[in-house]
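Counting from 447, one number per residue, gives the positions in the sequence shown under this note's numbering.
Positions of the beta carbon are idealized from the N, C-alpha and C atoms, including for glycine.
Quick notes on the structure that follows.
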Amino acid sequence: MKAPYYPMPEKRYLEKPGDQSCYEYLLECYAKVSKDIGDYTAFVNLDCEIKVSKMIEDVEKLAAFLHANGFKKGDVITVFLPTSAHAFIAFYALNKLGIICNMAHPLLPPDALQEILDITKSKAIFILDRAAGAYAKVLKNIFTIVCSTSDYTFGPIKPYVVADDAKNSNIPDFDTIHLFRDIMEANYEKAETVRHLGKQTMIYLGGGGTTGRSKIIQHSSYAFNYLAYLCYLLDNDCVHPYGKSYNLCVLPCFHAFGLGSSMHYAVCNAYSCILMPKFDPVKANDYISRYNVQEILGVPNMFKKMMEADNFDNPGVKNLDYISCGGDIVTKEFRDEFTARVKKNGGNAHLLSGYGLTETCAIATTNSLSYDKIGSVGVPVDGVEVIVVDENKKEVPAGTIGEILVRGEVMMNGYLDDGYVKDDGIWKDENGVGWVCTGDAGYLDEEGYLFLSGRIKKIIIISGYNVYPATIEQKILKLDYINEACAVQGYDENGKICVKLCVSLKDNTLDHEKVKKELLDFCEKNLDHFSVPRKIEILDALPRTKMDKIDFMSLTDKAPLVTK
């Protein structure tokens, strides 16, 4: 199924990308928009608004500093930051110089971060001052740029933020450490923009992989520019007063949709980005009440928490125009409830659910104001094709459930070679065209709308984040007292999805409660926050299938009954 027709907006601020880098694409869009409306706000940090002209100035300063310190095209630098002004600046500065930007989850424990740095061969890292002390052993041996929240504050609030930064930071005294604020005050010779092909790999995103094992996905400037262009087409149905519209950045910058849509697209098309380093539903609703927030891209649980907060009902809700929701199923009941609450506050927006993977810049299909069918995850976006196949990779008729395959302009360049098969999860048809084998089950109806039916793959999705059981199992099996390990989807006491770890021991006489505590401590030190199991079960032996494989389906918790 190919995409339906999406008309080009009259303004044509964003064109279909060519060979530009993301930074060049931004500059082109900014030149067009600012010609009509003048300079506009790029992002809002603690109610301090930073103009695009200032952002570009700081991108150039950072690029000059990196160039002066010998960083060059083809190098890799890790951005280990929450959604922040510095993440914007770093992303574009690296892109300008042809340096690959590795976006890493800022909750990774030190050992896991070191592993990522080693795999990607990163030569430098950006980190928040508040985190620097906890990662001292990592930072001691790598060129480090330490960022502070106060770097992008001004006016009466700045002294308080500076004091709070100092109180909560413990920056190591290493020769490898460089402060972002010092870089901005220095004067380096301007660095020339390094030309690179638009489809050349420029971005690494962690947590990818459609086969149950965590992988690093390689993306190009072209894919992210095309994602911005797609959002521009989808935005055509919306009311968008240029220079007066805000986008609430609730998705993290290390998330494909957070980086590509909430940040890159938004600033290209004059949506001022309200930065939320950590999602807080009360703060999110407060921003909606005080700013003209028209666009939010998030996951269902975020919107659920916002709606449950006491301050959701406020005058700003009526301004909401485009709300895109992915990463999990949006039930008709929840969508209807959310729409009713928005309508109660004078608004017309409703949740528009979509579907995608990190391998496709987190977008493949979506509902929109023009094409919308409740229960579906929409139709393919422009430049993307979706088919459903059987176990022999033969396309099935409409209405028949099979595996979802995706290809198109936003498709990854492939997985980073980390010693495993590079093209695992990619299938080439008889014409040599590559498709992402999503591992998701679903069907296309007669009108081309995609409906999800379940998950073929073993990946667990928690709050929109991919958790990879194989990665957890590989870590656990390194413990000398573990015989078998299987991580599956479970549900905690509140009915929320979590990781459930099932193991058998080499010596079953060991104290099970003590082993559970040791396993939990080990996981907290070696896994990211969402991968830490909330349930641990010790069995005499793990169940097996007829093919003698661990029967993970029998270990997976059944979904709790819905009582509402």
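Between F976 and S909 a beta carbon distance of about 7 Å is seen, short of the 8 Å cut, so the two are scored as contacting. Rounded to whole angstroms, K764 and G792 show a C-alpha spacing of 5 Å.
Taking the Cα of M501 as reference, the smallest distance to any Cα among A539, F780, N515 is reached at A539.
When C-alpha distances from G802 are compared across A795, V788, D493, S770, the shortest belongs to S770.
In this structure, the straight-line span from the alpha carbon of Y471 to that of A477 is close to 10 Å. Inclusion of V934 and L1001 in the CB contact set at 7 Å is warranted, their separation being smaller than that value. Judged by pairs of C-beta atoms under 8 Å, the region 891–898 does not touch the region 951–959, as fewer than three such pairs exist.
Below 8 Å, too few C-beta pairs join the region 631–641 and the region 591–601 to call them touching: fewer than three. In the DSSP assignment, S480 falls outside any beta strand (DSSP E) and within the unbroken alpha helix (DSSP H) covering 468–483. Non-local C-beta neighbours of E495 in its own chain, meaning closer than 6 Å and more than five positions away in sequence, comprise T487, ordered along the chain. Close CB contacts of Y668 within its chain, under the 7 Å cut and outside five residues either way in sequence, are with P463, G644, K645 (chain order). By the 16-neighbour rule on beta-carbons within 10 angstroms, A786 is exposed. Scanning R853, N548, R980 for the CA closest to the CA of E831 turns up R853. DSSP places Q664 within a strand segment (E or B) once states are collapsed to three. Taking C-beta atoms as the reference points, A755 and P727 count as a pair closer than 7 Å.
Under DSSP, the beta-bridge partners assigned to P826 are T811.
DSSP, reduced to helix, strand and coil, places F897 within a strand of the structure shown.
For F511, the uninterrupted alpha helix (DSSP H) segment begins and ends at 498–514. For I847, the secondary structure class from DSSP, reduced to helix, strand or coil, is coil.
G744 sits in a strand when the DSSP states are folded into three classes. Linking E783 to I809 through their CA atoms gives a straight-line distance of about 25 Å.
Remark: C-beta atoms of K981 and K946 approach each other more closely than 7 Å. Put simply, the backbone Cα of N794 is about 8 Å away from that of L766. Counting along the chain, Y889 sits inside the beta strand (DSSP E) bounded by residues 880–890. Uninterrupted beta strand (DSSP E) stretches at least 3 residues long and entirely within the region 516–598 occur at 522–526, 546–549, 570–574, 589–593, given in chain order. Where L1001 is concerned, the enclosing alpha helix (DSSP H) starts and stops at 998–1001.
Looking at F572, K497, A609, the one whose alpha-carbon comes closest to that of D485 is K497. The alpha carbon of A931 has as its nearest neighbour, out of G821, K921, F489, V607, the alpha carbon of K921. Across the set E964, K971, S467, D938, the C-alpha of S467 shows the shortest separation from the C-alpha of F670. Looking at the DSSP output, I906 shares a beta bridge with V913. Residue state for I820 is assigned as coil, using DSSP reduced to three classes. Look at I922 here: in three-state DSSP terms it is helix. Under the three-state reduction of DSSP, L803 is assigned to coil, being neither helix nor strand.
Counted as a single uninterrupted DSSP element, the beta strand (DSSP E) harbouring L947 occupies residues 943–951. Following the DSSP letters along the chain, one finds N972 inside the alpha helix (DSSP H) bounded by residues 958–972.
Taking the C-beta atoms as reference points, S899 is found nearer than 7 Å to G888.
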